[in-house]
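> Protein chains in written order, with my numbering: chain A, 45 to 391; chain B, 5 to 132.
Backbone N, C-alpha and C fix where the C-beta goes; we use that ideal spot for every residue, glycine too.
Values in this document were obtained by computation on a predicted structure and should not be read as measured data.
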Amino acid sequence: MVPFAGWEMPVQYSGVIDEHKAVRSACGLFDVSHMGEIEISGDSAIDFVQFIMTNDIERIADGQCQYTLLCREDGGVVDDTIVYKFNIDRYLFVVNASNKDKVFDWMQQVQAKEKFPDVSIEDLSASYAQIAVQGPKAIDALRPLLDVDPADIRHFHFHLGLLAGEIEAIVSRTGYTGEDGFEIYLDPADAPALWKALTDSGMPHGIRPAGLGARDTLRLEMGYPLYGHELADDITPIEAGLGKYVRFSKDFPGKEVLEKQSREGTSKALVGLKMLDAGIPRQGYEVQSGGKTIGQVASGTMSPSLEVGIATAFVKPEFKAAGSTVEVVIRGRAAKAEVVPLPFYKK
Amino acid sequence: MDFPKDLKYTKEHEWVRVEGKTVTVGITDYAQDSLGDVVYVELPQEGAAVTKHEPFGVVESVKAVSDLYSPVSGSVTEVNDAIIDSPEAINEDPYGDAWMIKVEIASNSELDDLLTADEYQKFIEEEK
């Protein structure tokens, strides 16, 4: 267990590699209760929600969720989040634990400045635990417990239902691993019982608990961003390669900057790197081309699926073409790496 | 957790096997367990000089990079290249297959402040 954002976090159970492979081949159970939940409700809630996010909430129906960025006026990312639409007047934003207070304050500031007096913004983080069940067998682990067939919950949709006959929960077909799976939000008082129930129902399907170590290697193999690495207050969604979650057909904070960047280009671009030489790239390591600095590693690890060092890195855009060779400086040694398209891991 | 009585230990979690003027060095069971899955190791070349309390190599788990600190000063006479190709041996057999380097020491005084198995075990209990 390690401390993180006021939580005691399970980094690993049986070992990162073992847990990682279990999620890719069978099923893993994650306690991600540290994630923050902020509810936005009220009469003009949809207008406020639409105003604060870069994606377009009008594109989803009730019972669906959507990935979006929240941006500052200068285009930097406040947080990345999944928004759940219950109905036109009620939304739940699932935010990063370390950003929760910042996002909450930022939402209140935008609300005051842009005059949305009828909207209520509530930090419900203490009212929700979150358990994620991820992997090709996740659906089989969940099926005996849920009041509907989990196969009927489509990708990026959610269901308000009952688990084990008595536990009320939000069950969404979402995840952060690149595998099929579900994220379950429930009263923290019910979480231990659900954890136990899923452990039992998942037993014949090879379920095992998985920690934050595996969560990180799984998400990085997919090229999914993690705040503090690929995203930050001084990184824009365009620089992070997340332009498809930015809709210029509507307004949002930072729109002008992002529009300019997407038109004229950026000074850095996020790429995937796969090591050709031995070594494991890590956050902050310098990236070079022909001995000259061209960027920095954002996230790096040994990929348990590919068994090679992989990284995301911000580099000067002229070096972003897949197939080119660059160097990662590992303890003073320039180790060769290839620029590759994301995701690293493909089924 | 296992701490063989015939070995000496350091507070930086290396073990030392003394055979005359040659000492064999590796990391302890406690160290490998704390690291988790070891996926990469970097060791010095044969003939390299190592200095007591100074890094002689690096071991990496999936999550983290850790320096390996030399328990003695001397010159490296042998390197276990096999663990470079199979670093998982460090988790599986830290006192056996996964020895790291052999070092020739100038004098036995190099060994003076090394810990016994009991002392080391007490030290990690206190560190927890």
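#1: Glycine 225 (chain A) to glutamate 308 (chain A), Cα distance in whole Å?
#2: Does DSSP put threonine 120 (chain B) in a helix, in a strand, or in coil?
#3: Using 8 Å as the threshold, is the region 270 to 278 of chain A in touch with the region 70 to 79 of chain A, meaning 3 or more CB pairs across them?
#4: Out of A:His199, A:Leu386 and A:Ile354, which has the shortest C-alpha to C-alpha gap to alanine 366 (chain A)?
#5: Could you tell me the alpha carbon to alpha carbon distance between aspartate 231 (chain A) and leucine 168 (chain A), rounded to whole angstroms?
#6: What did DSSP end up calling serine 293 (chain A) once you bin it into helix, strand or coil?
#7: What separation, rounded to the nearest whole angstrom, lies between the Cα atoms of valine 69 (chain B) and glycine 335 (chain A)?
#8: For serine 79 (chain B), which residues in the same chain have their Cβ closer than 6 Å to its Cβ, ignoring the five residues on either side in sequence?
#9: Among residues of its own chain, excluding the 5 on either side of valine 215 (chain A), which ones have a beta-carbon nearer than 7 Å to its beta-carbon?
#10: Does the separation of the CB atoms of tyrosine 34 (chain B) and glutamate 64 (chain B) fall below 7 Å?
#11: What did DSSP end up calling asparagine 99 (chain A) once you bin it into helix, strand or coil?
#12: With a threshold of 6 Å on Cβ separation, who are the neighbours of alanine 121 (chain B) within its own chain once the five nearest residues in sequence on each side are excluded?
#13: Just the chain A side, please: which residues come within less than 7 Å of glutamate 64 (chain B) by C-beta, in chain order?
#14: Taking the straight line between their C-alpha atoms, what separation do you get for lysine 312 (chain A) and tyrosine 172 (chain A)?
#15: According to a CB-to-CB cut-off of less than 8 Å, which residues of the region 40 to 61 of chain B neighbour chain A?
#16: Whose Cβ in chain A lies nearer than 7 Å to the Cβ of valine 69 (chain B)?
#17: Apart from the five residues on each side of it in sequence, which residues of its chain come closer than 6 Å, Cβ to Cβ, to glutamine 56 (chain A)?
#18: Would you report the Cα separation of leucine 320 (chain A) and glycine 339 (chain A), rounded to the nearest angstrom?
#19: What residue range does the beta strand (DSSP E) around arginine 377 (chain A) cover?
#20: Have a look at lysine 299 (chain A) and glycine 119 (chain A) and give me their C-alpha separation to the nearest angstrom.
#21: Taking 7 Å as the limit between beta carbons, can you name the residues of its chain near glycine 51 (chain B), skipping five residues before and five after?
#22: Methionine 346 (chain A) touches chain B at which residues, Cβ-Cβ below 8 Å?
#23: At the 7 Å Cβ level, is glutamine 155 (chain A) part of the contact set with chain B, yes or no?
#24: Residues in the same chain with beta-carbon distance under 8 Å from valine 121 (chain A), minus the five sequence neighbours each way, listed in chain order, please.
#25: Would leucine 262 (chain A) and threonine 218 (chain A) qualify as a contact pair, given that the criterion is a beta-carbon distance under 7 Å?
#26: Mind listing the chain B neighbours of glycine 219 (chain A)? Cutoff is C-beta to C-beta under 9 Å, in chain order.
#27: Put glutamate 96 (chain B) into one of helix, strand or coil per three-state DSSP.
#28: For leucine 317 (chain A), tell me which candidate among A:Ser349, A:Lys380, A:Gln305 and A:Arg291 has the shortest Cα-Cα distance.
#29: Report the option in B:Lys56, B:Ser38, B:Lys15 and B:Gly40 whose CA atom is closest to the CA atom of valine 27 (chain B).
#30: Rounded to whole angstroms, what's the CA-CA distance from glycine 40 (chain B) to aspartate 193 (chain A)? Just pull it up for me.
#31: Are glutamate 62 (chain B) and glutamate 46 (chain B) closer than 7 Å when you measure CB to CB?
#32: Can you tell which of B:Asn112, B:Glu92, B:Tyr73 and B:Val42 has the C-alpha that lies nearest to the C-alpha of glutamate 138 (chain B)?
#33: DSSP on phenylalanine 160 (chain A), reduced to helix/strand/coil?
#34: Less than 7 Å separating the beta-carbons of glutamine 152 (chain A) and lysine 129 (chain A)?
#35: Give me, in chain order, the residues of the same chain whose beta-carbon lies closer than 6 Å to that of leucine 119 (chain B); leave out the 5 immediate sequence neighbours on both sides.
#36: Hey, quick one: how far does the beta strand (DSSP E) through glutamine 36 (chain B) stretch, first residue to last?
Checking against the coordinates, here is how it stands:
#1: Reading the first sequence from its first residue, position 181 is the one you call residue 225 (chain A). Reading the first sequence from its first residue, position 264 is the one you call residue 308 (chain A). If you take the alpha carbons of glycine 225 (chain A) and glutamate 308 (chain A), they lie about 38 Å apart.
#2: Locating residue 120 (chain B) in the second sequence gives position 116, where the first residue counts as 1. Threonine 120 (chain B): coil per DSSP, three-state reduction.
#3: no
#4: In the first sequence, counting from the first residue as 1, residue 366 (chain A) sits at position 322. Among A:His199, A:Leu386 and A:Ile354, the Cα nearest to that of alanine 366 (chain A) is on A:Leu386.
#5: As a working note, residue 231 (chain A) is residue 187 in the first sequence. As a working note, residue 168 (chain A) is residue 124 in the first sequence. Roughly 11 Å between the two C-alpha positions.
#6: Along the first sequence, one-based indexing puts residue 293 (chain A) at 249. The answer is coil: DSSP assigns serine 293 (chain A) none of H, G, I, E or B.
#7: Within the second sequence, numbered from 1, the residue matching residue 69 (chain B) stands at position 65. Within the first sequence, numbered from 1, the residue matching residue 335 (chain A) stands at position 291. Answer to the nearest angstrom: the Cα atoms are 24 Å apart.
#8: On the second sequence, residue 79 (chain B) is found 75 positions in, with the first residue counted as 1. Excluding positions up to five away in sequence, the list reads Ala53 and Glu108.
#9: Taking the first residue of the first sequence as position 1, residue 215 (chain A) is located at position 171. Excluding residues within five positions, the ones whose Cβ falls inside 7 Å are Leu190, Ile197, Phe202, His203, Gly205, Phe226 and Ile228.
#10: Taking the first residue of the second sequence as position 1, residue 34 (chain B) is located at position 30. Taking the first residue of the second sequence as position 1, residue 64 (chain B) is located at position 60. Result no, Cβ atoms of tyrosine 34 (chain B) and glutamate 64 (chain B) do not sit closer than 7 Å.
#11: Here residue 99 (chain A) refers to the residue found at position 55 when the first sequence is read from its first residue. The answer is coil: DSSP assigns asparagine 99 (chain A) none of H, G, I, E or B.
#12: One-based indexing of the second sequence puts residue 121 (chain B) at position 117. So the list reads Phe7 and Lys9, once near-sequence residues are dropped.
#13: Position 60 of the second sequence, counted from the start, is the residue given in the question as residue 64 (chain B). The answer, in chain order, is Ile324.
#14: Along the first sequence, read from residue 1 onward, the residue named residue 312 (chain A) stands at position 268. Along the first sequence, read from residue 1 onward, the residue named residue 172 (chain A) stands at position 128. About 37 Å.
#15: Gly40, Asp41, Val43, Tyr44 and Glu46
#16: As a first step, residue 69 (chain B) is located in the second sequence; it is residue number 65 there, counting from the start. Chain A residues near valine 69 (chain B): Arg326.
#17: For this step, residue 56 (chain A) is matched to residue 12 along the first sequence. The answer, listed in chain order, is Gly255 and Gly257.
#18: Start at 1 with the first residue of the first sequence, and residue 320 (chain A) comes out as number 276. Start at 1 with the first residue of the first sequence, and residue 339 (chain A) comes out as number 295. C-alpha separation (whole angstroms): 18 Å.
#19: Position 333 of the first sequence, counting from 1, holds the residue named residue 377 (chain A). Here the beta strand (DSSP E) through arginine 377 (chain A) covers 377 to 384.
#20: Residue 299 (chain A) sits at position 255 when you count from the first residue of the first sequence. Residue 119 (chain A) sits at position 75 when you count from the first residue of the first sequence. Going from the Cα of lysine 299 (chain A) to the Cα of glycine 119 (chain A) covers about 7 Å.
#21: Position 47 of the second sequence, counted from the first residue, corresponds to residue 51 (chain B). Ser79 and Val80, listed in sequence order.
#22: Indexing the first sequence from 1 puts residue 346 (chain A) at position 302. Ordered by position in chain B, the residues that pass the 8 Å Cβ test against methionine 346 (chain A) are Val43, Tyr44, Glu64 and Val66.
#23: Looking up residue 155 (chain A) in the first sequence gives position 111. By this cut-off, glutamine 155 (chain A) is not an interface position.
#24: Here residue 121 (chain A) is taken as the residue at index 77 of the first sequence, counted from 1. Closer than 8 Å at the Cβ level, and outside the excluded window around valine 121 (chain A), lie Leu113, Leu114, Cys115, Tyr271, Leu275, Ala276, Asp277, Ile279, Thr280, Pro281 and Ala284.
#25: In the first sequence, counting from the first residue as 1, residue 262 (chain A) sits at position 218. In the first sequence, counting from the first residue as 1, residue 218 (chain A) sits at position 174. Result no, Cβ atoms of leucine 262 (chain A) and threonine 218 (chain A) do not sit closer than 7 Å.
#26: As a first step, residue 219 (chain A) must be located in the first sequence, where it is residue number 175. Under the 9 Å cutoff, chain B gives no residues; its nearest Cβ is about 20 Å from glycine 219 (chain A).
#27: Locating residue 96 (chain B) in the second sequence gives position 92, where the first residue counts as 1. Correct three-state label for glutamate 96 (chain B): helix.
#28: Walking along the first sequence from the start, residue 317 (chain A) turns up at place 273. Checking every option, the nearest Cα to that of leucine 317 (chain A) belongs to A:Lys380.
#29: As a working mapping, residue 27 (chain B) is identified with position 23 in the second sequence. Nearest of B:Lys56, B:Ser38, B:Lys15 and B:Gly40 to valine 27 (chain B), Cα basis: B:Lys56.
#30: To locate residue 40 (chain B), count along the second sequence from 1; it is residue 36. To locate residue 193 (chain A), count along the first sequence from 1; it is residue 149. Rounded to the nearest angstrom, the two C-alpha atoms are 38 Å apart.
#31: In the second sequence, residue 62 (chain B) corresponds to position 58, counting from 1. In the second sequence, residue 46 (chain B) corresponds to position 42, counting from 1. Reading off the sequence shown, one finds valine at residue 62 (chain B), where the question assumed glutamate. Yes, the pair counts as a contact, with Cβ atoms nearer than the cut-off.
#32: No statement about residue 138 (chain B) is possible, as the shown extent of chain B runs from 5 to 132 and does not include it.
#33: Along the first sequence, read from residue 1 onward, the residue named residue 160 (chain A) stands at position 116. Residue state, collapsed to three classes: coil.
#34: For the purposes of this step, residue 152 (chain A) is identified with residue 108 of the first sequence, where counting begins at 1. For the purposes of this step, residue 129 (chain A) is identified with residue 85 of the first sequence, where counting begins at 1. No, Cβ-Cβ distance for glutamine 152 (chain A) and lysine 129 (chain A) is not below 7 Å.
#35: Along the second sequence, one-based indexing puts residue 119 (chain B) at 115. Correct list, in chain order: Tyr13.
#36: Residue 36 (chain B) sits at position 32 when you count from the first residue of the second sequence. Glutamine 36 (chain B) -> not in any beta strand (DSSP E); alpha helix (DSSP H) instead, spanning 33 to 39.
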